[in-house]
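Residue numbers (UniProt numbering): 1 to 322.
The next block holds one structure in the form of structure tokens; read it before the comments.
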């Protein structure tokens with residue numbers, strides 16, 4: 001298990017500069033954006049796809065620092081009711097899969113997407129309750145759209161030997177572990193989770209239980225290290241479905257926090273241990289979205305904590321059990 005970083009917070013650096021900085025911190029994996037919401041500052045998709053020379057340059061930069069790419073990121077909505085937006089997201093995702101295969105990268109991280117509530121709607125519709133009945137009908141329609149799309153993407157990813165790691169996220173169809181397991185079951189084994197605990201904390205989900213649930217189904221393809229703090233005074237007044245702007249920190253019921261600032265070191269050691277129990281031995285890719293600190297300070301503090309939490313060696317024999 002190693003420490004990685006999702007690189008958009010370092011967009012002001014060149015790829016070489018970002019790698020050098022992260023190497024000095026002891027980071028051994030990166031998750032660069034190649035489209036969608038993460039952007040593509042460090043790995044512009046069109047420049048690298050089918051370009052052996054540019055790809056070799058990336059390999060050289062990584063090899064010089066004994067680093068690797070844990071996943072390529074392109075978070076968008078390929079199920080959007082606007083055909084043009086959906087097609088753009090689909091192209092980004094398929095080209096990310098192709099580029100991942102060419103770079104020998106195991107996974108592409110993304111969102112499940114969210115359809116409209118019916119064939120004539122113009123905007124995505126996040127359904128969170130089955131009543132009144134038209135909401136249940138809308139949800140059934142959305143799952144039909146999602147299963148058809150992701151079944152096709154599962155085949156495409158399988159042809160390229162790449163896993164699809166979907167981040168469970170609000171305002172997307174898949175936002176919690178049972179939905180993730182359902183999508184995988186109804187589409188294929190290339191579909192799995194980019195397990196990001198930050199969106200699960202505020203939903204009241206116990207992270208280690210969620211890891212066990214998805215791990216038992218071999219459904220964890222990649223992991224984000226990102227924390228969340230619930231602020232009880234605000235949550236008691238308005239709950240956690242909070243539409244307050246992210247930069248209005250005093251009035252939000254929860255905030256994304258740097259690792260260790262939402263939950264303590266012991267909690268993160270439990271996460272690492274549970275991931276090992278279910279057989280995950282990949283990167284913990286730090287995603288910095290803490291508005292109370294700078295990107296670099298947040299990354300550095302997260303790396304510092306995770307260095308004490310991750311296991312760097314294989315388990316030994318349980319000699320005491322003989």
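Virtual Cβ for every residue (Gly too), placed ideally from N, Cα, C.
Bear in mind the structure is a predicted one, so any value in this text is a computation, not a measurement.
Counting only the same chain and skipping the five closest in sequence on each side, list residues whose C-beta sits under 7 Å from that of residue 258. 227, 288, 290, 293, 298, 301, 302
Alpha carbons only, please: which of 176, 229, 286, 43 is nearest the one belonging to residue 127? 176
Under the assumption that residue 285 contacts residue 70 (Cβ atoms under 8 Å), give the Cβ distance between them as a whole number of angstroms. Contact between residue 285 and residue 70 holds, since their C-beta atoms are separated by about 6 Å, short of 8 Å.
Other residues of its chain near residue 32: CB distance less than 6 Å, five sequence neighbours each side excluded: 7, 42, 43
Could you check if residue 178 is buried or exposed, using at least 16 other CB atoms within 10 Å of its CB as the buried criterion? exposed
Starting from residue 143, follow the alpha helix (DSSP H) in both directions and report where the run begins and ends. 133 to 160
Where residue 250 and residue 160 are concerned, what is the direct C-alpha to C-alpha distance, given to the nearest angstrom? 46 Å
Check the DSSP bridge columns for residue 229 and list the partner residues they point to. 255
Go ahead and label residue 133 buried or exposed: buried means 16 or more other beta carbons lie within 10 angstroms of its beta carbon, across all protein chains shown. exposed
Residue 311 bridges to which residues according to DSSP? BP columns for residue 311 are empty, so no partner.
Segment contact flag, the stretch 150 to 157 with the stretch 177 to 193, C-beta cutoff 8 Å, min 3 pairs: yes
What residue does the beta strand (DSSP E) around residue 270 start on, and which one ends it? Here residue 270 belongs to no beta strand (DSSP E); instead the alpha helix (DSSP H) covers 265 to 277.
Taking 8 Å as the cut-off, does the stretch 94 to 104 touch the stretch 42 to 57 (at least 3 CB pairs, one atom from each stretch)? Verdict: yes, contact present.
With respect to the alpha helix (DSSP H) encompassing residue 61, which residues constitute its N-terminal and C-terminal limits? 52 to 64
Determine the DSSP secondary structure at residue 117, reduced to helix, strand or coil. coil
Are the beta-carbon atoms belonging to residue 270 and residue 208 less than 8 Å from one another? For residue 270 and residue 208, yes; Cβs fall inside 8 Å.
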